[in-house]
Each structure stands twice: as C-alpha cells, then as structure tokens.
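Notes for the one structure printed next.
Number of protein chains: 2
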Amino acid sequence: MVNEKGKMKYFSIMEELKAKIVKGDIKPGEKLPSENELVTRYQVSRHTIRKALSILQNEGYLYSEHGKGTFCSERMRHQKNSKNIGVITTYISDYIFPRLIQGIDSVMTENGYSIMLKNTGNSRDKEARDLEEFLSKDIDGLIIEPSKSQLACKNIHLYEALDQYQIPYVFIQGIYTELKDRPCILLDDCQGEYLLTKYLLELGHKHILGVFKADDRQGIQRHKGYVKALQEGGLAYDPEMVIWFHTEDRRTKPVLEVEEKIRQGVPLDAIACYNDQIAAEVIKKLQSLNIRVPEDVSVTGYDNSYMAENSIVNMTTIAHPQEQLGAMAAELLLEQIRHVPREESRVERLIQPELIVRESCMRRNVRI
Amino acid sequence: MVNEKGKMKYFSIMEELKAKIVKGDIKPGEKLPSENELVTRYQVSRHTIRKALSILQNEGYLYSEHGKGTFCSERMRHQKNSKNIGVITTYISDYIFPRLIQGIDSVMTENGYSIMLKNTGNSRDKEARDLEEFLSKDIDGLIIEPSKSQLACKNIHLYEALDQYQIPYVFIQGIYTELKDRPCILLDDCQGEYLLTKYLLELGHKHILGVFKADDRQGIQRHKGYVKALQEGGLAYDPEMVIWFHTEDRRTKPVLEVEEKIRQGVPLDAIACYNDQIAAEVIKKLQSLNIRVPEDVSVTGYDNSYMAENSIVNMTTIAHPQEQLGAMAAELLLEQIRHVPREESRVERLIQPELIVRESCMRRNVRI
DNA sequence: CCGTATTTGTTCGTATGTATT
DNA sequence: CAATACATACGAACAAATACG
Numbered sequence: 029m030v031n032e033k034g035k036m037k038y039f040s041i042m043e044e045l046k047a048k049i050v051k052g053d054i055k056p057g058e059k060l061p062s063e064n065e066l067v068t069r070y071q072v073s074r075h076t077i078r079k080a081l082s083i084l085q086n087e088g089y090l091y092s093e094h095g096k097g098t099f100c101s102e103r104m105r106h107q108k109n110s111k112n113i114g115v116i117t118t119y120i121s122d123y124i125f126p127r128l129i130q131g132i133d134s135v136m137t138e139n140g141y142s143i144m145l146k147n148t149g150n151s152r153d154k155e156a157r158d159l160e161e162f163l164s165k166d167i168d169g170l171i172i173e174p175s176k177s178q179l180a181c182k183n184i185h186l187y188e189a190l191d192q193y194q195i196p197y198v199f200i201q202g203i204y205t206e207l208k209d210r211p212c213i214l215l216d217d218c219q220g221e222y223l224l225t226k227y228l229l230e231l232g233h234k235h236i237l238g239v240f241k242a243d244d245r246q247g248i249q250r251h252k253g254y255v256k257a258l259q260e261g262g263l264a265y266d267p268e269m270v271i272w273f274h275t276e277d278r279r280t281k282p283v284l285e286v287e288e289k290i291r292q293g294v295p296l297d298a299i300a301c302y303n304d305q306i307a308a309e310v311i312k313k314l315q316s317l318n319i320r321v322p323e324d325v326s327v328t329g330y331d332n333s334y335m336a337e338n339s340i341v342n343m344t345t346i347a348h349p350q351e352q353l354g355a356m357a358a359e360l361l362l363e364q365i366r367h368v369p370r371e372e373s374r375v376e377r378l379i380q381p382e383l384i385v386r387e388s389c390m391r392r393n394v395r396i
Numbered sequence: 029m030v031n032e033k034g035k036m037k038y039f040s041i042m043e044e045l046k047a048k049i050v051k052g053d054i055k056p057g058e059k060l061p062s063e064n065e066l067v068t069r070y071q072v073s074r075h076t077i078r079k080a081l082s083i084l085q086n087e088g089y090l091y092s093e094h095g096k097g098t099f100c101s102e103r104m105r106h107q108k109n110s111k112n113i114g115v116i117t118t119y120i121s122d123y124i125f126p127r128l129i130q131g132i133d134s135v136m137t138e139n140g141y142s143i144m145l146k147n148t149g150n151s152r153d154k155e156a157r158d159l160e161e162f163l164s165k166d167i168d169g170l171i172i173e174p175s176k177s178q179l180a181c182k183n184i185h186l187y188e189a190l191d192q193y194q195i196p197y198v199f200i201q202g203i204y205t206e207l208k209d210r211p212c213i214l215l216d217d218c219q220g221e222y223l224l225t226k227y228l229l230e231l232g233h234k235h236i237l238g239v240f241k242a243d244d245r246q247g248i249q250r251h252k253g254y255v256k257a258l259q260e261g262g263l264a265y266d267p268e269m270v271i272w273f274h275t276e277d278r279r280t281k282p283v284l285e286v287e288e289k290i291r292q293g294v295p296l297d298a299i300a301c302y303n304d305q306i307a308a309e310v311i312k313k314l315q316s317l318n319i320r321v322p323e324d325v326s327v328t329g330y331d332n333s334y335m336a337e338n339s340i341v342n343m344t345t346i347a348h349p350q351e352q353l354g355a356m357a358a359e360l361l362l363e364q365i366r367h368v369p370r371e372e373s374r375v376e377r378l379i380q381p382e383l384i385v386r387e388s389c390m391r392r393n394v395r396i
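Just so you know, the protein sequences line up as chains Y and H, in that order.
Each position in the first sequence, counted from 1, maps to that position plus 28 in this note's numbering.
Each position in the second sequence, counted from 1, maps to that position plus 28 in this note's numbering.
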C-alpha cells in the first residue's frame with residue numbers, strides 16, 4: 029500500500045500538485061486536468077485522485093465546479109500591503125535572538141509593520157513548514173536566518189515560490205550557496221576569527237586549539253580566518269588542533285573533546301572557541317580540571333554576548349552588533365519591499381568585526 | 029441519488045451526527061459506533077459513512093485513531109480561523125522574554141498557530157497602538173503582559189473591543205485591576221519575596237533594605253511578601269528601608285539610592301532586590317564601594333535568570349519558570365479559543381515560587 | 001433547443017494493509 | 001494470535017451540471 033517514496037499514493041499525488049501550485053506551474057484560476065486525465069497520467073484509480081484533490085480543496089488550494097472541472101484557487105494569490113512581515117530564526121534562545129528581534133522590531137514598527145515570528149530549531153524540515161505557513165499567509169516580506177546554512181538546501185523550491193509571488197526576503201547570519209545572489213546581511217566571520225587568532229599569536233601563543241561548528245556558514249568562515257592567521261603567523265595548520273561539532277552534539281562534544289585533548293597531553297596554550305557559549309563551557313571545564321584561565325590557557329569567544337561580560341572570566345571576543353544587524357536587515361527588507369534598486373541601496377551588507385579585549389587571554393613568555 | 033429528505037445520503041448522515049454532537053448526545057471524547065456498525069445502522073456502504081465522517085473530521089467535530097475508533101473532539105469549531113495569535117510583551121530583552129516566547133511558541137506551533145509579536149516598552153500608549161493593530165488584523169487570540177500593571181488602565185475600551193469581537197485573551201505576569209476576572213497566569217510574587225525575606229531573617233539579618241518597582245503588579249506583590257515576612261519575624265516595617273523605582277528610572281535610581289543609604293550610614297546587612305538585574309547592579313556597586321557580598325552584605329535577586337548563575341556572585345533568588353509560564357499561557361489561550369468552560373480548565377493559573385539558594389547570602393553572627 | 005460528450009458528484013462492492021486490543 | 005477498527009486502493013455504475021456542435 030506504499031509507493032516507491034514510502035508514502036501513500038494519494039498523498040504523494042497531493043504533494044506533487046501542491047508543489048506545482050506553490051511554485052506557480054499551476055496558476056490561480058487555471059483549470060486542472062480532469063479527474064480521468066489524472067487517472068491515466070498517474071495510473072491510479074479515480075477514487076485516489078479524488079482523495080488527493082479533496083485534501084487540496086479543504087486546504088483552499090483548489091475548488092471544483094460540477095460539470096466544469098477543478099481549478100486553482102484565486103485566493104492563493106497574495107494581497108500586498110498586509111503590513112505583516114515574517115521572521116524565521118534558528119533558535120529562540122537568550123543568546124543572540126532577543127537583541128536581533130529588538131533591532132528588527134524597532135525599525136519595522138516604526139514603518140507600520142507587524143512581525144510574525146517563527147523558529148526552526150535549526151531543522152530544515154521545520155524551516156520548510158515555516159516557509160509554507162508564511163506562503164499561505166499574507167506577508168509583505170521575510171527575514172530568514174538559514175538553518176544549517178552550510179549544507180545543501182532542500183527548500184530551494186520554496187524560495188523560488190517566494191520569488192514567484194514577489195515576496196521579498198533577506199537572509200541574515202548566513203546564506204545558502206544556491207541562493208548566493210539574494211539580499212543578505214552578513215558578518216565578516218572570517219575576518220573576526222582572523223583578528224582573534226592574530227591577537228593570540230601576538231600574545232605569543234604557539235598551540236591554539238580551534239573549536240568550530242561544521243554545519244553553518246559562520247563556523248566555516250571562522251575556521252577560515254583561524255587558518256589564515258596561523259599561516260600569516262608562520263605556523264603550520266594542524267587539523268588535529270581543530271575540533272568540529274554539529275548542531276546536534278553542540279552541548280556535549282566540544283567540551284568532551286577539549287578534555288580529551290588535554291588528557292592526551294596535547295600541548296596547547298590557547299583555545300579559540302566558536303562562540304561565547306562554547307567558550308563559557310570550555311572555561312568551566314578547564315577550571316574543573318584545575319587549569320587556570322588565562323594564566324595557563326587563554327580562551328577566546330565570539331559574539332560579545334552577555335556571557336562575555338558576565339561570566340567568571342570576562343572574555344576576549346568579537347563584537348556581534350546584534351541589534352544593529354536586526355535593524356539593518358529590516359531596512360534592507362524595506363528597500364526590497366519598496367523596490368529600491370541595488371545601486372541605490374544604502375544598507376551596508378557586510379558588517380566588519382571588532383575585537384573586544386577582556387581578561388580571558390594573557391601574554392605567554394616565549395623561550396627560544 | 030437523493031433520499032426521502034431530498035439530500036445526499038452522506039450529507040444527511042453527516043448532519044444527523046453533527047446535530048447529536050451539538051446537542052450533546054455524543055459527548056466530547058466519546059467513541060462513535062464503528063464504521064461497520066454505522067453501515068448496518070444506516071444501511072449504506074462503508075464509503076458513504078466514511079464520507080460523512082470525513083466532513084466532520086475536517087470541520088473539527090471528530091477525530092479518528094487508527095485501530096481504535098472515531099471519537100468526538102474535545103474542541104469546538106472556531107469561527108475565526110486565521111490561525112494567528114498575538115503576543116504583546118513589555119520588553120524584548122534577553123532577560124525573561126526569550127524563554128517566555130519559547131514556551132508560547134512551542135505550544136502554539138504544535139497546534140498550528142503562528143505568533144505575531146509586539147512589545148510596548150512598558151508604555152501604555154504603545155500598548156494601545158499594539159492592541160489597535162491586532163484588532164485590525166485577523167487573530168484568534170492574544171497573550172498580553174500588561175504594561176505598568178499597577179496603574180489604572182487607560183485602555184479598557186480596547187479590551188472591551190476584544191470582548192466584542194470575541195477574541196479571547198490571556199494575561200501573564202500581571203493583570204489590570206479593572207479586568208481582574210479575565211483569564212490570567214500569575215506567579216505568586218508575594219509568596220516568593222516572603223520566602224526570600226524569611227530566608228534572610230533565618231540567617232540572622234536584622235536590617236534588610238528592599239528595592240522594589242512601583243509601577244507593576246510584581247513589584248507591589250513582592251513588597252507585600254517582604255513586609256509579611258518582616259512582621260512574622262517580629263521586625264517593625266520601616267518605610268525608610270524601602271527604595272521604590274519606576275520603569276523610567278530603573279537604570280539609575282536603584283543603585284544610586286543604595287549608594288546614598290550606605291553613605292548616610294544607614295545600618296544594613298542585606299538587600300532584597302526586585303530582580304536579578306537590579307541585584308547584579310547592586311552587587312557591582314557594593315564591590316566598587318569595597319563592600320563584600322555576601323560577607324558584609326547579603327543580596328537576593330528574583331527570577332533565577334542567567335545572571336543569577338553567571339555573575340561574579342551566584343545569587344540566591346526565586347525560580348522563574350519562564351518557559352513553563354509561556355507554555356501555560358498558550359494552553360490557557362487554546363482553552364479560551366476552544367471555549368473550554370472554567371470548571372473544565374486544566375491549566376493551573378498561579379505558579380508557586382521556589383527558593384534557589386546560592387552564594388549571595390551568608391549567616392550573620394547575632395550578638396545580644 | 002436538442003443531443004452528445006465531458007466532467008464532477010454520489011454510491012456501492014471488494015480487497016488488502018496496518019494499528020490496537 | 002485473532003478479532004476489531006480504521007486506512008488505502010481499485011473497479012464500476014449512475015446522476016447531475018456543463019460545454020459545444
């Protein structure tokens with residue numbers, strides 16, 4: 029009772045038709061092939077076709093008229109000027125999120141827009157559901173923080189649907205490689221980690237352990253900056269000195285592997301962490317191992333979050349202008365909504381990082 | 029193809045079942061006869077029965093479980109069906125807000141709702157604008173954290189408008205006295221501050237300075253608990269030992285007045301602060317005055333926010349189940365949307381506080 | 001206006017799959 | 001394991017609305 033995709037026939041037919049409608053292959057008001065045509069096309073019974081169609085009718089994608097045919101609903105076309113915009117973030121944490129939203133909100137409220145909020149938990153499937161949800165509602169624009177931005181995007185068709193409906197959207201923090209040309213506000217993460225690593229090198233560190241996230245753009249870029257600084261500093265890049273982690277194991281792997289390296293006796297005098305959160309956990313772990321920060325090991329964070337300023341050891345980190353980022357994204361989206369051409373855009377799209385020096389790093393006395 | 033009543037078989041069967049549900053002959057949660065039983069009862073084919081049932085399922089009257097049966101829904105059909113709900117908070121800070129929203133979001137998303145977010149900056153005028161905005165949009169319900177909940181409410185007419193449009197709403201954190209009977213999720217702030225103050229008294233403190241917010245319910249309630257504990261402990265309540273502040277001067281007044289009291293030489297061995305944020309600032313100020321916490325002065329916070337755990341001194345505070353509060357508010361709102369009567373409500377509305385003891389308080393040696 | 005073909009709507013019968021008890 | 005109940009699927013027939021020559 030299952031087809032090759034492991035789903036019910038009526039369900040996959042329904043999905044296929046829905047995708048065509050969402051993408052615009054079937055346009056509002058257009059007549060669908062008759063039930064009998066669909067029967068021969070899909071090689072299923074009429075009953076199965078009718079089941080698929082009835083779902084789409086219930087969801088409002090289709091309507092049918094007795095004796096005439098089945099048609100794509102008009103109501104699926106979006107009325108502009110709902111004065112709503114959507115925001116999709118990865119997490120609703122107390123880490124970056126609040127100030128980001130604050131920045132978006134202040135600009136958007138000022139311009140008379142309301143914000144609809146969704147989050148993905150950094151899951152692609154949830155992102156797809158959120159996008160479909162927003163596509164079915166009336167929004168004038170969308171700000172999206174991509175989920176797992178470094179992996180190939182499965183949701184391209186949904187973004188293409190946004191294009192088709194002329195709903196502008198702006199990426200923040202990261203961008204899918206398949207959608208590189210879309211408007212986007214990024215932090216120069218490569219440069220940021222470069223500054224941090226260079227700073228560590230200048231303090232005389234020789235064995236800098238890197239801890240980076242493998243499944244988002246930020247992680248890859250920060251790693252790049254780390255490598256660049258090492259090479260400029262004349263130190264060989266050693267893959268053994270880098271710990272990679274993913275969203276799923278972020279709470280355990282980084283700290284455990286740092287501990288492992290130390291137990292193995294790997295020489296290290298500094299740890300460059302993916303962000304403040306990881307840095308805070310690493311510092312706690314080091315202290316529990318009776319390793320002092322910064323006296324024995326220097327640690328750097330990233331983002332300049334509250335943790336960087338309110339932890340046991342105040343961290344050297346990179347400023348993350350969270351609120352500004354939100355405000356800039358909002359302004360860029362407003363430009364898109366107002367069809368301001370690229371040349372006239374007044375929104376800077378690459379934010380330059382700024383090194384914040386606090387007390388988590390200390391000069392090493394280098395003996396030769 | 030018409031029966032004696034001039035209607036389709038499936039249609040009249042559907043109507044007959046619907047009438048039974050509406051009348052109460054079939055009660056919520058009750059199991060319907062199996063499809064085959066209905067087949068023999070109505071003398072129609074199983075397909076016809078399924079067609080009738082599927083309509084009622086789509087309208088939300090019924091749901092069916094594979095292998096178990098078909099059941100009458102708990103929920104009644106909602107007329108408004110935008111599947112949007114509004115949330116109005118006072119601030120979008122990284123203090124309470126993120127986890128609160130997280131709790132609301134997880135419940136609401138699970139039930140197919142989208143969240144529209146607005147914040148007031150604790151301003152009544154902004155709250156009025158937000159309410160008007162939501163009234164003009166299509167929302168099925170509203171969760172509101174009142175702004176300056178202790179002052180007389182100027183926006184009653186807007187809440188009455190919500191009543192008129194039958195848009196249910198739920199208050200969190202506080203409630204306007206004029207709207208006391210409305211559904212609401214509160215923390216027992218009086219009891220919370222009572223626990224803290226009692227704890228301080230048990231540690232032998234005799235001069236407990238209170239710092240409270242004057243313009244919201246929480247501040248007033250916490251002050252009440254503070255007074256209650258003092259009186260039970262046999263200490264006279266001294267208004268001079270309480271610092272009141274408002275939203276507008278929250279960033280400066282509390283710390284300045286604490287400093288002032290100390291310079292005046294007012295004897296004090298403990299400070300009970302309105303929340304962790306104030307406590308953190310007070311601790312910083314005390315340390316800058318070379319007063320040690322907790323050796324010289326004990327300090328308590330409130331909310332058990334990240335600050336309580338990640339500051340220079342880990343604070344004794346009251347747990348604020350932020351995420352749970354959000355989830356409970358969301359569930360209460362769903363009950364309102366589904367017209368669940370008060371007696372059948374399964375949402376607790378007063379959250380009991382829990383004392384979290386950390387290192388910001390220390391026993392005093394009392395000499396007599 | 002009529003007749004025919006097309007298209008959706010309703011109904012029945014039958015068989016098999018799968019979850020629950 | 002068997003019985004029960006819902007889920008999916010195919011086939012067939014006829015009704016009712018519509019389109020078109």
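A virtual CB, placed ideally from N, CA and C, is assigned to each residue, including glycine.
Would you verify that the beta carbon of Y:Tyr334 is, or is not, closer than 8 Å to some beta carbon of chain H?
Y:Tyr334 belongs to the set of residues whose beta carbon lies under 8 Å from a beta carbon in chain H.
Cα-Cα separation, Y:Val270 to Y:Pro174
25 Å
What are the boundary residues of the beta strand (DSSP E) that H:Ile172 is part of?
Gly169 to Ile172
Using a C-beta cutoff of 8 Å, does H:Ser73 count as contacting chain Y?
no
Can you name the start and end residues of the alpha helix (DSSP H) that H:Ser134 belongs to?
Unbroken alpha helix (DSSP H) run through H:Ser134: Phe125 to Glu138.
Rounded to the nearest angstrom, how far is the Cβ of Y:Arg157 from that of Y:Ile203, given a contact under 8 Å?
Contact flag wrong, Cβ pair sits at about 20 Å.
What whole-angstrom Cβ distance do H:Arg127 and H:Glu351 have, given they're in contact under 8 Å?
4 Å
Residues bridged to Y:Thr98 by DSSP?
Paired residues: Y:Ser92.
Which runs of the alpha helix (DSSP H) fall wholly inside the region 146–196 of chain Y and span at least 4 residues, in chain order?
152–164 and 184–192
DSSP three-state label for Y:Cys212, please.
strand
DSSP state of Y:Asn112, grouped into three classes?
strand
Indicate whether at least one CB of chain H lies closer than 8 Å to the CB of Y:Glu15.
Summary: the structure shown does not reach residue 15 of chain Y, with chain Y confined to residues 29 through 396, and so no result is reported for it.
Would you be able to state if there are at least three C-beta pairs under 8 Å between the region 210–230 of chain H and the region 380–389 of chain H?
yes
State the beta-bridge partners of Y:Ile49 as determined by DSSP.
None, per the DSSP bridge assignment.
Find out if the Cβ-Cβ distance for the pair Y:Cys389, Y:Thr328 is shorter than 8 Å.
yes
Straight-line CA distance for H:Gln130 to Y:Asn303?
22 Å
DSSP three-state assignment for H:Cys301, whether helix, strand or coil
strand
Quick check on the DSSP output: the beta strand (DSSP E) that includes H:Ile13 runs from which residue to which?
The structure shown has nothing for residue 13 of chain H, since chain H only spans 29 to 396.
Note the first and the last residue of the continuous beta strand (DSSP E) segment covering Y:Ile271.
Val270 to Phe273
Say whether chain H places a C-beta atom closer than 8 Å to the C-beta of Y:Ile384.
Chain H contact via Cβ: absent.
Exposure of Y:Gly97, with buried meaning 16 or more beta-carbon neighbours within 10 Å
exposed
Can you list, in chain order, the residues of its chain whose CB lies under 7 Å from that of H:His233, leaving out five sequence neighbours each side?
Its chain contains Asp297, Ala298, Ser326 and Arg392 as the residues whose beta carbon lies nearer than 7 Å to that of H:His233, once the 5 sequence neighbours on both sides are disregarded; these appear in chain order.
Strictly below 8 Å CB to CB, what residues from chain H border Y:Ile379?
From the beta-carbon of Y:Ile379, no residue of chain H is found nearer than 8 Å; the closest lies around 20 Å away.
Nearest candidate by alpha-carbon position, reference Y:Glu102, set Y:Pro56, Y:Glu376 and Y:Ser73
Y:Pro56
Let's test the definition: count the other Cβ atoms within 10 Å of the Cβ of Y:Leu223 and tell me whether it reaches 16, buried, or not, exposed.
buried
Length of the line joining the Cα atoms of H:Leu207 and Y:Asp243
Looking at the two C-alpha atoms, the distance is approximately 49 Å.
Among all the DSSP beta bridges, which residues are the ones paired with H:Ala347?
DSSP output for H:Ala347 lists H:Asp331 as bridge partner(s).
On the criterion of 16 or more Cβ atoms from any shown chain inside 10 Å, does Y:Ile184 qualify as buried, or is it exposed?
exposed
Going by DSSP, what residues sit across from H:Arg199 in a beta bridge?
It should be noted that the sequence gives Phe, not Arg, for residue 199 of chain H. The partner list for H:Phe199 (beta bridge, DSSP) reads H:Ile172 and H:Cys212.
Based on the DSSP secondary-structure assignment, which residues constitute the bridge partners of Y:Leu66?
Note: Y:Leu66 sits in no beta bridge, so no partner.
When H:Ala347, H:Ile132 and H:Val286 are compared against H:Lys313, the one with the closest alpha-carbon
Nearest Cα to H:Lys313 within the set H:Ala347, H:Ile132 and H:Val286: H:Val286.
I'd like the list of long-range same chain contacts for Y:Leu145, defined as Cβ closer than 7 Å, with 5 residues on each side in sequence excluded.
Val115
When DSSP labels each residue in this structure, what does H:Met356 get in the three-state scheme?
helix
Could you tell me whether the Cβ atoms of Y:Ile120 and Y:Asn150 are closer together than 8 Å?
no
Going by C-alpha distance, which of H:Ile124, H:Ser142 and H:Ser339 is nearest H:Pro349?
H:Ile124
Can you give me the C-alpha to C-alpha distance between H:Ile167 and Y:Gln71, rounded to a whole angstrom?
43 Å
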